[in-house]
Every structure is written in C-alpha cells, then in structure tokens.
Amino acid sequence: MTLRRTPFALVALLALPLAACGFHLRREADLPASMKRVHIQIDDASSALAKGLAKALPRSGSEVVDVAAADVATIRFEANAFSTDVLTVGGNARATEYSLRYHVEFDVLDGAGSVIVPKQVIELSRDFTFDASQSLGVAAQTDLLTKELQQDMVQTVLRRLEATAHGTHAAN
C-alpha cells in the first residue's frame, strides 16, 4: 500500500517548489481591460478562425458574447480568405510548386464604436510542391497546411491584439 502512495507523494513533493515560487500557467494573450467582453463579427461564424478565437479568447481572460453591447468590444473581420498561387511550372507546362495564402483583415471597436485596435492586415503563407503522381498525398498535404495556417492565424490575431492594444505595433 505504501508503494502505491509513493508516486503521488513524489509528484506532490515536486509540485511544491513550483507553487512556492509563484508559478502559474501563462495566458494565451494579455488583452486590455476594454476587451474583457468580446463579440466576434465575421461573415462565416462557423469558420475555423471564428471557432478558434471563440476558444482562445476565454483562455486570454475574455468572455465571448453573441451580441454587441455598450460594455462589449467587437472584433470585426472584413476579410478572411484563402488563395493559392502557382510558384513554379515544370517542363510539361504544369504547376509544380504552389503557395497557399491566408489573408485576414480586422479591427476592434469598443462598445461606443471607438477604435481600440486600428485595421490590421495579416497574411500567412506556406509553400508546397505538387507531384501529379501523388495527387491524394497533395490533397492531404493541402488540408494539413490549411489547418496549420488556421491555427497560426488565431495565434497571430491574438498576438496582434495584445501588441496593438498595449501600444506597440506587432510586425508579421
């Protein structure tokens, strides 16, 4: 019976110095008080960006609400689009390399309609090669890159909100 309690005691003993030093998990972003309650205004509320932000904002200390109000900041997305560009063409006149781009434009208003965060433009991209003999693999690669870009965009938007709202400009 003592052997079964030993791992628990060891974990508790190791956690004690962390608790004593004031260790705590870091929030995703340190957003200003004016963004404690946030409404996300986006054309496609079921998009990966909208869903990702709806999950990430509470981890940053903000409450996401469905309706804009006097005490609610509104993140307005004017653009949220993917595009694919051909980078190189092979000897057979077919594309061999592409760039997948994700473009987002947004601003943030307080409940009175004043600008908290001016218009921000973010564009992320990933390049990939195309092999016609591996068409299923290319589709899976494109899906994976799209998901990665969506996750990266959520984090980039949060970092931009944090930096811009605190008076520094985040370059990306």
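If you use mature numbering (1 follows the signal peptide of the UniProt record, and there is no 0), the sequence shown corresponds to residues -20 to -1, 1 to 152, in order.
We put the beta carbon where it would ideally sit given N, CA and C, even for glycine.
To the nearest angstrom, how far is the alpha carbon of residue 47 from that of residue 30? For the purposes of this step, residue 47 is taken as residue 67 along the sequence shown, with counting starting at 1. For the purposes of this step, residue 30 is taken as residue 50 along the sequence shown, with counting starting at 1. So the two alpha carbons sit approximately 14 Å from each other.
From what residue to what residue does the beta strand (DSSP E) around residue 99 run? Counting from 1 along the sequence shown, the entry for residue 99 is found at position 119. Residues 95 to 109.
Can you give, in chain order, each stretch of the alpha helix (DSSP H) that sits fully within the region 14 to 64 and has at least 4 residues? If one requires a minimum length of 4 residues, the alpha helix (DSSP H) runs lying completely within the region 14 to 64 are 28 to 39, in chain order.
Pull up the distance between the alpha-carbon of residue 15 and that of residue 92, whole angstroms please. Within the sequence shown, the letter at position 35 stands for residue 15. Within the sequence shown, the letter at position 112 stands for residue 92. Spanning the two alpha carbons is a distance of roughly 13 Å.
Identify whether residue 82 lies in helix, strand or coil by the three-state DSSP scheme. Your numbering for residue 82 matches position 102 in the sequence shown. DSSP places residue 82 in strand when its eight states are reduced to three.
What do you get for residue 134, buried or exposed, if any count of 16 or more other CB atoms within 10 angstroms of its CB means buried? Translated into positions along the sequence shown, residue 134 becomes position 154. Counting the other Cβ atoms within 10 Å of the Cβ of residue 134 gives 16 or more, which makes it buried.
Just how far apart, CA to CA, sit residue 52 and residue 18? Here residue 52 corresponds to residue number 72 of the sequence shown, with the count starting at 1. Here residue 18 corresponds to residue number 38 of the sequence shown, with the count starting at 1. C-alpha separation (whole angstroms): 5 Å.
To the nearest angstrom, how far is it from the Cα of residue 96 to the Cα of residue 42? As a first step, residue 96 must be located in the sequence shown, where it is residue number 116. As a first step, residue 42 must be located in the sequence shown, where it is residue number 62. Between residue 96 and residue 42, the C-alpha separation is close to 15 Å.
Taking DSSP as the reference, what is the three-state secondary structure of residue -20? Sequence index remark: in the sequence shown, residue -20 carries index 1 (1-based). Low per-residue confidence applies at residue -20: pLDDT is 49, beneath 50, and the placement is therefore not dependable, though the value from the model is reported in the following sentence. Coil at residue -20, not helix or strand.
Residue 87 and residue 60: beta carbons closer than 8 Å? Reading the sequence shown from its first residue, position 107 is the one you call residue 87. Reading the sequence shown from its first residue, position 80 is the one you call residue 60. Contact: no.
Do you know offhand how far residue 165's Cα is from residue 103's? Residue 165 lies beyond the residue range present for the chain, which begins at -20 and ends at 152; the question has no answer from this structure.
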